[in-house]
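With our numbering as the guide, the letters of the sequence shown map in order to residues 1012 to 1274. Just so you know, even glycine gets a beta-carbon here, dropped at the ideal spot from N, CA and C. To keep things clear, I will list the structure first and then write my remarks on it.
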Amino acid sequence: MDAWIISIGNEMLIGKVVNTNLSWLGRKLTLLGYRVRAALTVMDECEDIKWAFNTAKQMGASVIISTGGLGPTFDDMTSKCLSEAFNRNWVVNDKALEMVKKKYKEMGLDLTDHRIKMAKMPEGAEPLWNPVGTAPGIMMNLNGTLIFSLPGVPSEMMAIFEESIEPILRKLGPKIEFVEEEILSRGLPESTIAPIIERVMGKHRVYIKSHPQGKELGVPVQKIHIQSSSIDLNEARKELKYAKEDLIKELTRMGAEVEEVRS
């Protein structure tokens, strides 16, 4: 099954921002068994955005994921352009409006027209809860092509993908075997662990994520989740084993105490 990634935002094209969303999504989709056939980066221009969505659809994409352009400002136009691209009315989605209301109520802020804009999406689309930010994601099924539109802020994009999209793609995608393990690292802050994780992921076909657990006796503790996948279970286990060994070696070299978590 082919997946296309569309990155929307002038800031990436002028070199102001590095497109980390693309590499993260590419790795995630690959581990889920999808073939990432192409990635497009376009300006905050409606004609360009519509062209990107239409191109991916016409080229037979099973899954299209866009990032960026869902906020409240004038140049956040992804939702409206997505509606126009596929001839849908751009309407306030009641479920999305409740999500946006809840977020601003928690912050003690009133709704404004700009904030209500984040609840507008193509008619018939489904909003995706944003556990980190305010703008809901968007999901729509267009004649068998699944289209997901996510915020461009990496933490929001990742949170919506892992909470709402990944379970859907696992269910609908190719038959893939997943293996997962966790380790605990004591003594190193997350900022020190981050480049180690990047190096290990660069060497192995795995996904690794750290989860800060606070401190024990004044020492930072991180729970680190390692995931591998393959059509062959033994291959997935082997890849995870080698990645975990490398990760533990690197963490230990930097002075961490490492403990494997038994399920």
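- DSSP places Met-1151 in the uninterrupted beta strand (DSSP E) bounded by 1148 to 1153.
- Rounded to the nearest angstrom, the gap between the Cα atoms of Glu-1188 and Gly-1266 is 34 Å.
- Our two residues, Gly-1082 and Arg-1264, have alpha carbons roughly 43 Å apart in a direct line.
- Below 8 Å, enough C-beta pairs join the segment 1242 to 1255 and the segment 1178 to 1196 to call them touching: three or more.
- DSSP places Phe-1189 inside the beta strand (DSSP E), whose first and last residues are 1188 to 1197.
- The C-beta distance from Glu-1167 to Met-1150 rounds to 15 Å, too long to meet the 8 Å contact threshold.
- Scanning its chain for C-beta atoms nearer than 8 Å, with the 5 sequence neighbours on each side dropped, one finds around Gly-1044 the residues Met-1012, Gly-1184, Pro-1185, Lys-1186, Ile-1187, Ser-1240, Ile-1242, in chain order.
- Sequence-distant Cβ neighbours of Trp-1062 in its own chain, meaning closer than 8 Å and more than five residues away, are Val-1053.
- Exclusion of the five residues before and after Ala-1072 leaves Asp-1013, Ala-1014, Trp-1015, Arg-1048, Thr-1156 as the residues of its chain whose Cβ lies within less than 8 Å of its Cβ.
- One Cα belongs to Ser-1160, the other to Glu-1022, and the distance between them is close to 18 Å.
- For Leu-1122, no beta strand (DSSP E) segment is defined, and its DSSP state is neither H nor E.
- Under the DSSP assignment, Val-1211 falls in the alpha helix (DSSP H) whose first and last residues are 1201 to 1214.
- Met-1132 is not a Cβ neighbour of Ala-1146, given a cutoff of 7 Å.
- When the five nearest sequence neighbours on each side are left out, the beta carbons in the same chain lying within less than 7 Å of the beta carbon of Gly-1144 are those of Pro-1162, Val-1164, Glu-1167, in order along the chain.
- Residue Arg-1216 holds the alpha-carbon nearest to the alpha-carbon of Leu-1040 among Arg-1216, Asp-1124, Val-1269, Asn-1030.
- Comparing alpha-carbon positions, the option among Val-1074, Leu-1042, Gly-1079 lying closest to Ile-1060 turns out to be Gly-1079.
- One thing to note: Met-1212 has its Cβ within 7 Å of the Cβ of Ile-1219.
- When beta bridges are read from the DSSP output, Asp-1013 appears opposite Arg-1046.
- Here Lys-1091 has Trp-1101 as same chain residues with Cβ atoms under 6 Å from its own Cβ, once five neighbours each way along the sequence are excluded.
- Annotated three-state conformation of Pro-1185 is coil, per DSSP.
- By the criterion of a C-beta distance shorter than 6 Å, Pro-1200 is surrounded in its chain by Pro-1231, once the five residues flanking it on both sides are discounted.
- Residue pairing by DSSP puts Ser-1239 in a beta bridge opposite Val-1190, Val-1217.
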